[in-house]
Structure formats: C-alpha cells, structure tokens
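Asker: Chains as they are written, first to last, in the numbering used here: chain R, 79 to 350; chain U, 778 to 1306.
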Amino acid sequence: MLGVLALAAFLICSARAEETHNPLSADPKAAKAGEFEFRINCAFCHGLAARGGGRGPDLTRAHKRHGDSDADLFQNISQGIPGTVMPANGTNGQGVGMTDDEIWQIIAYLRSVQVQAPTKPVGNAAHGQELFYGDANCSSCHMVEGKGGRLGPDLTTVGTARTVESLVESVRTPSKRLAWGLTESTKEFAQEYETVTVVTPDGHEIKGVTLNEDQFSLQMMDTAEHIHLFEKDKLRSMHKSRDSLMPVYNPTILSDQDLNDIVAFLLSVATK
Amino acid sequence: MNKLPGICTLLVVFSVLVGETCAQVTFERLLNASNEPQNWFTYSGDYAGRRFSTLDQVNKANVHSLTAKWVYQTAATGKFETTPLVADGILYATGQDDRAFALDARTGRPIWLFQHPLPSDIRPCCGRVNRGLAILGDKVFLGTLDAHVIALDAKTGNVMWDVVAVDYKEGYSFTLSPLAVKNEVILGVSGGEYGIRGFIDAYDAETGQRKWRFYTVPGPGEPGHDTWEADSWKIGGAPAWNTGVYDPGTNQLFWPTGNPSPSNRGEGRAGDNLYSNSLLALDADTGKLNWYFQFTKHDEHDWDATQVPIMIDSGDKHLVAQANRNGFFYVLDRTTGKLLSANPYGRTTWSDTKDAEGRPVANDQSSPTPEGRTVCPGALGATNWMSPSFDSRTGLFYVTAREQCDIFSTAPQLYDVGHAYYGSAYFPSDKAEPYWGALRAIDPASGEVKWEFRHLSPTWSGVLSTAGGLLFTGDAEGNFIALDAASGKPLWHFQMGGAVYASPMAFAIDGKQYVAIAAGSSLYAFGLP
C-alpha cells in the first residue's frame, strides 16, 4: 500500500513539474506572491523589478535566450542553466529553495511584468556590425559568434544577458562596473576582467587581465592574448586594478547613433 | 561502574600498542578531553569551544613539509560542512543529505556508512547540510534535516533509536553537531527562515527520551513574553542552529540563538524579541534559564548570534567571548552574564552608540526600507557559523571575518506554515567593493584586532589553532592554509580543488598527528611525510 501511495505521489509530483503551462496563470494572487519569492530568490542577480542587474539578464523582455515558454522558465528556475551562473533552485545561497507552486508564482510574476511589445532598437544592426568589426575596433578584444579577440568578454549573448542601459554604460564608462564575480556560493568560474600588471622574476613587466587567481597563484592573459601562469610569491611585483583595460568610448570617439547601432547589432545576435 | 573510565583508559593505552580500539567514550573522557589530544571528541574539540589542539608534532619548523595523507569522497553534492570526531583511531563524520560515516582514521577507508532517508519536501534554508556528530558511550548522534534525532551504533552505524523532535513540515530542521553532556544529547533547532518557534532540546543518550526543552521564544506568562507584539511570538524564530559550549564547573550550557522571524522586517513584532540573538546560560540537567544576554535587540538584518562562544579563564575571571555576526566582539562574565566589553572587529555601520550596559545599539539609518538601505555588515554577517578558535598561549581569539555590505530591503509578507518567511531581500550594493574576507586575531582583553590575514574572497572556513604555534584555515578558492598563530604569516598551503565550508580539526594515530578538513565533496587528512 505504501508503495502504491508513494508511486501515486511521485506521479502527481512529476505531472506537476512537467506542466507545460503555468497552472497558476489564472490566479490573480499568484503574481503578487511571486513578487515576494522573486525578491528573495532572484533579485540578487536579476534586480528588484526583474529588469536585470549587473549579473543577471533583464527578465521583463519577452525574448529569453534559454526559452520563453512556461515550461522553459520552470525548467531553468528549478534546474538552473548549465554553462551559466544561473543556479538550480535552492542552491544559490540566497533564499531557501522554492516549491513547485512557488516557482509557478514567480513565472506568473514575470509574465505580469513582461514587456509585451518592446520598443525596437533604434539602431541599425548592419551598421553596428560594420563598426564592431571595423572602425570601432571592438573585435580586437571581444568575440561575437566565434570571431574577434579574447582579451575581453565574449559578447555573443550579452544582448540578452544585460540591459541596454548597462551595455551603454559599459562602453561609455568601462571601469564603472567590471563584470563582478558572484558571491562565492554561486561563483563557479566568474572572471572579473580585472586589470593586472606583474613584474616577473627576470624583470619583465606584463599587463593583461586576470583569468583566475587564488591566494597563491595567478592565471592571466596579456594584451597579446598569451596566457601566463604565476606563483605570486615568485613575482617581483603584482598590481591589480579595477580600472578596465578597455578604453573609454566617449561621444567624440563613438557617437550616440553609432553606439546605438552597435547595441542593435549585439541585440540582433543575442536574439537570433 | 566507577572503574570503567580507568579500564577504558588502560584499554586506550593498550590499543595504541595493538591497533585495537575502545568504543566507550564516557562523559569523564569528554570532560578530560585535553588528556587525550589524539582524540577529537566534540564539535569544537573541547567543552570550552576553543577548537585548539594540544598536538605539536606539526609545528612552525616542519609545517612546510605537510602533505595529504588520504582523501575520502562522499560522492554527494552540496556544501560539506562537517567537523569530524575522532575516538581511538576511528573518525566519525557526516556528509550532505544526512549521511554519516566511520573511517579508519589512518587510511580514510570506510568502516560503515549510513544515510537517513529524507522526505522530498524538506525545506532546509541553506543547503542539505550537516556539521557533524556527537559521541557518547557506544553511540554517535545525528540531527537530521527532517528534525529527527538519531543514535547510531558507533561500531556498525546501526540505528539504536530514532525520535522525531518536531514536524519538519513547519520549517524545522537540524543541521548542527549535537553536544553530548553527562547522559544527554543536546541540540538546537534550525528554521529561522520559516517562522518557527525555536528551542533547545536534551535527549537521554540511552533511550532517546526527551529530558527537557527550552523554548527560545517565551510563551504566555513566561518572562520575556512581553517582548513580542501580539501573537508574533508564535512564529518568532530564534533558532539555535549551532553548537553551544558546556561549563562543568557550574553545570551550565552557554548556547547561542539566532534571528527573530521574519528576519529582515521588524514591523509586526515590536519589542526586543527575546531570546533571539542571545547567549543563554541553561542548567544542563533541567534546561532552566539562569541568565541571558541579547546581543542584537529587535534584529532586522538576520544577524543570528549563533556563532560558537568560547569560554576563557583569565586569572580569577571566568569569561565567555563571542565574535558576533553583527560585527562586534563581545566579552561577558559567564558567572553573571554581564557584558564587559563590545568592540567592532569588522566594518559596522549600524551602530554608533552603546546603551547603559555597553551594548551597541542600532542607529536610525540601519532599519531596512522598501527601497533598500546599505548596511555593513551585510546579510551574511561579519562572520557566520564557521568556528572561531582561542589559543591560550598566544592569548588571541581567531575569527573568520567577512567584509560585505548589502542593500537591505523590506516587503510585507504573510506567514504561511512551512514557507519561507523573510519579509525582505538583500542585494550587493552597486557602489560597494567586491566582498572580501580575512582571518583576524583579536586580543580579548582589549578587543583590539592585532593582525589580519586577508582572503581574496570571503571564506566559510573556520579556524583551528594548535600547540605547534599554528593556525589552520581554508578558503573559498580551495586552499588549505597553515599560518603562524603569533603573526598570521602563511607558512604552507595545499590546493584541495573545492571551496571550504567547514572548520578544521586535528587528531593523532600511532603517534602521528593529522589535520583534517572538508572541502568540495571530500574530506582531507594531512600529516608529515
């Protein structure tokens, strides 16, 4: 009998988790309850109003890179997204882990704040692509879809991973907010692109970005994309800085319109 | 019966010669743990909470040659928070998802494995974690995530008794290492994120019968009940989820308690909210409250006071010291509970003044608002559950400190049985520097931080001090590090390949000293070549 009950419970639970549509979508209280859950569990990365933070994407957009359907959202929230810092439910060190109902409440909340008809990017993506790989010189350090440099972050998915405002901010004031590592519980491998300058035992100065480091060792890439591996106590000196190696693109170097075009290009790639 | 300890001691001596073990760990042996430095009988290594080993074979002169002797893998995921116990050559520890196991402490080879079957709907706030066992007689004791207390046969891992302390569906769980005292097993409950009513329990080690329960939120008619608004006491929180200490001289437990619920929203629970965020002096036989000291009144920042307190005797002074999650280091007279000093050991922005007793009090800029306010320390505190250590030789109190400021925001939230009940959220401040951490050495006499060893990022590793003049700690990047206990200078390190969420301990077997710590999903033991 116990076995039968257990099996029944399992089937009910499974059916619940495999819903393809939000069973709470018609419940007007669900979105409000979901807002609380969102604040506790998600806002740490995705921002208080789901419009994205320095780490997590803007979730008010209808297009989401890892799926837009209720089932996709449920899967992503409960299991996390491999290869990203999006953790599985209950494993991020924030919040307490949610029940299935609470996850559906969050999805109801996200639907309630979703912008149904986002304004189209004002820029010209084709021109943005030309600038990215040409005059604006972005591709000397950044890769998009396998083409470009390695010193800075790969920008293939950044169009959906960051708000437009944060993209603009990163170009105009690159040092304002470097990609910030997550709190350690969710930090699997969060490169922060800090600028590092070392002087080797034989007196060579090398400048680049940190790939990773711990108390005793440093893994870095220099501006020619060479990887260097150091034991810190063997170095003559080591200096880290949160002043980005990326140059400041002010409006005299890159006009607002050209910047809009580049953002439009990044958005078009990310939403393919 | 009175002769048993003597016989046992003889057997211990004999066992060293022939490699056999004595399973009986009597209360007398726990009381006199310092006479058996090869063993590690309690979570903090002794009843005083010092996490200090008198073993000195590994010392400043030879620690550079320390090397891994064995690794045991739990094959489980999630944070591995255990502090192993060692008794007569056998190591007893817990793993994720309420595993328990016994190993040959010389080789790391398992002797038995146990896993408590957990229901699918448990609601542990902070991972499916457990911090260790207690040992007494021929049993080891486990508190589980579904709020069971289980006695296992130390030789086989068989269940000797299994009692349910409380209904886990209401948000209760156990994550701590229990404390064995006399013939009792003492545990405090977790669940401050679920609007529980906290308590500390004592169980008869032989039978599992509950001997006493102290509710950390007083009920109607009890002293302190009037520190709660209306019915807020019923869901007032005040868990007691870390292991306290025991003073044999006065037969008292000093047990720390956690946050009031909801953790970050004070509206609806006006008052001091006793006995949240307090140190309780309880009679070990009856659970009767002798005195209490509340560190943070009417807390709105989840600043649990559940850090392990350390009893320190200085001349004729009997003290108890705690580096509190709220960023202050407190020294109390443990006879009276009177506060002697409170000094910040990390960045604190929530308090500018002290009350008549000398207790830091919150300023009006610290209370969370709907829009959010930046406060230091952050939501995870200036320290947390990772154990501190005290070395009477250096006279220093060592604590793992976190430097993290957060934006605390509040939101009205209805209580729902067994559901998360924070009333708030927190975020890193955009303007704040990245979180970092440090091991700090505090002089308890002055409250002054004498030195710090800076960590790259905040670590969840506790600290062990040893008579070898060493400190051991781990970091979030997976290093196990030995430092000079006098100066904080790093002397040795080993990359373990997984972040540390545990506190180290030391033991010896065959006259050889080991230092052990959990990292990633593995338990490591280090020794000299």
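Backbone N, C-alpha and C fix where the C-beta goes; we use that ideal spot for every residue, glycine too.
Is residue 135 (chain R) buried or exposed, if buried means 16 or more other CB atoms sit within 10 Å of its CB?
Answerer: By the neighbour-count rule (16 or more Cβ atoms within 10 Å), residue 135 (chain R) is buried.
Asker: Against residue 1186 (chain U), what residues of chain R qualify as contacts under a CB-to-CB distance less than 9 angstroms, listed in chain order?
Answerer: 117, 121 and 126
Asker: Compute the Euclidean distance between the alpha carbons of residue 964 (chain U) and residue 1137 (chain U), then round it to the nearest angstrom.
Answerer: 29 angstroms
Asker: Judging by CA-CA distance, which residue of U:1024, U:1046 and U:1068 is the nearest neighbour of residue 1090 (chain U)?
Answerer: U:1024
Asker: Establish whether the CB of residue 212 (chain R) and some CB of chain U are separated by less than 8 angstroms.
Answerer: no
Asker: Relative to the C-alpha of residue 877 (chain U), which residue among U:1303, U:958 and U:909 is closest?
Answerer: U:909
Asker: With DSSP run on the structure shown, which of helix, strand or coil describes residue 1309 (chain U)?
Answerer: In the structure as shown, chain U begins at 778 and stops at 1306. Residue 1309 (chain U) is therefore absent and cannot be evaluated.
Asker: Could you have a look at residue 1173 (chain U) and say whether DSSP puts it in helix, strand or coil?
Answerer: DSSP, reduced to helix, strand and coil, places residue 1173 (chain U) within a strand of the structure shown.
Asker: Where in the region 1112-1181 of chain U do unbroken runs of the beta strand (DSSP E), each at least 3 residues long, occur, reported from the N-terminal end onward?
Answerer: 1116-1121, 1128-1131, 1137-1139, 1150-1152, 1166-1168 and 1173-1180
Asker: Just to confirm the assignment, what range does the alpha helix (DSSP H) spanning residue 107 (chain R) have?
Answerer: 106-119
Asker: What is the DSSP secondary structure of residue 272 (chain R), reduced to helix, strand or coil?
Answerer: coil
Asker: Pull up the CB-CB distance for residue 948 (chain U) and residue 975 (chain U), whole angstroms please, since I reckon it's below 8 angstroms.
Answerer: The beta-carbon separation of residue 948 (chain U) and residue 975 (chain U), rounded to 11 angstroms, does not stay under the 8 angstroms limit for a contact.
Asker: Starting from residue 182 (chain R), follow the alpha helix (DSSP H) in both directions and report where the run begins and ends.
Answerer: 178-191
Asker: Tell me, please, whether the region 1225-1240 of chain U touches the region 286-293 of chain R by the rule of three or more beta-carbon pairs shorter than 8 angstroms.
Answerer: yes
Asker: Am I right that residue 1085 (chain U) and residue 821 (chain U) are in contact with their C-beta atoms under 8 angstroms? What's the rounded C-beta distance?
Answerer: 6 angstroms
Asker: Please classify residue 997 (chain U): is it buried, with 16 or more other beta-carbons within 10 angstroms of its beta-carbon, or exposed?
Answerer: exposed
Asker: Can you check whether the C-beta of residue 297 (chain R) is within less than 8 angstroms of a C-beta belonging to chain U?
Answerer: no
Asker: Could you please tell me which residues of the region 812-823 of chain U, in chain order, have their CB closer than 9 angstroms to any CB of chain R?
Answerer: none
Asker: Suppose you measure from the CA of residue 121 (chain R) to the CA of residue 834 (chain U); what does that come to, to the nearest Å?
Answerer: In a straight line, the C-alpha of residue 121 (chain R) is about 50 angstroms away from that of residue 834 (chain U).
Asker: Would the region 1041-1050 of chain U count as touching the region 1093-1105 of chain U if we require 3 or more Cβ pairs under 8 angstroms?
Answerer: no
Asker: Can you look up residue 1100 (chain U) in the DSSP assignment and give me helix, strand or coil?
Answerer: strand
Asker: Going by C-alpha distance, which of R:255, R:141, R:348 and R:338 is nearest residue 201 (chain R)?
Answerer: R:338
Asker: Taking a Cβ distance cut-off of 8 angstroms, strictly less, list which residues of the region 899-921 of chain U are near chain R, in chain order.
Answerer: 900, 901, 902, 903 and 904
Asker: Measure the C-alpha to C-alpha separation of residue 1261 (chain U) and residue 1238 (chain U) and round it to an integer number of angstroms.
Answerer: Straight-line spacing of the CA atoms in residue 1261 (chain U) and residue 1238 (chain U) works out to 17 angstroms.
Asker: Below 7 angstroms on C-beta distance, what does residue 294 (chain R) contact in chain U?
Answerer: Within chain U, the residues near residue 294 (chain R) are 1256 and 1270.
Asker: Would you call residue 1301 (chain U) buried or exposed, if buried means 16 or more other Cβ atoms sit within 10 Å of its Cβ?
Answerer: buried
Asker: Counting contacts by CB-CB distance shorter than 8 angstroms, is residue 829 (chain U) in contact with chain R?
Answerer: no
Asker: Can you check the region 275-325 of chain R for any alpha helix (DSSP H) of at least 4 residues that lies completely inside it and give the ranges in chain order?
Answerer: none
Asker: Beta-carbon of residue 161 (chain R) versus every beta-carbon of chain U: anything under 8 angstroms?
Answerer: no
Asker: Applying the 10 Å Cβ sphere with the 16-neighbour rule, what's the burial state of residue 905 (chain U)?
Answerer: By the neighbour-count rule (16 or more Cβ atoms within 10 Å), residue 905 (chain U) is buried.
Asker: Restricting to runs no shorter than 3 residues, where is the beta strand (DSSP E) found entirely within the region 960-989 of chain U?
Answerer: Listed in chain order, they are 961-965 and 976-981.
Asker: From U:830, U:1152, U:929 and U:1108, pick the residue whose C-alpha is nearest to that of residue 1125 (chain U); which is it?
Answerer: U:1152
Asker: Restricting to runs no shorter than 3 residues, where is the beta strand (DSSP E) found entirely within the region 1188-1225 of chain U?
Answerer: 1201-1205 and 1213-1220
Asker: Mind pulling the beta strand (DSSP E) runs of 3 or more residues that sit fully within the region 1036-1063 of chain U?
Answerer: Whole beta strand (DSSP E) segments, 3+ residues: 1055-1060.
Asker: Would DSSP call residue 1228 (chain U) helix, strand or coil?
Answerer: strand
Asker: Please confirm whether residue 114 (chain R) has its beta-carbon closer than 8 angstroms to some beta-carbon of chain U.
Answerer: Contact of residue 114 (chain R) with chain U is assigned, a C-beta pair being separated by under 8 angstroms.
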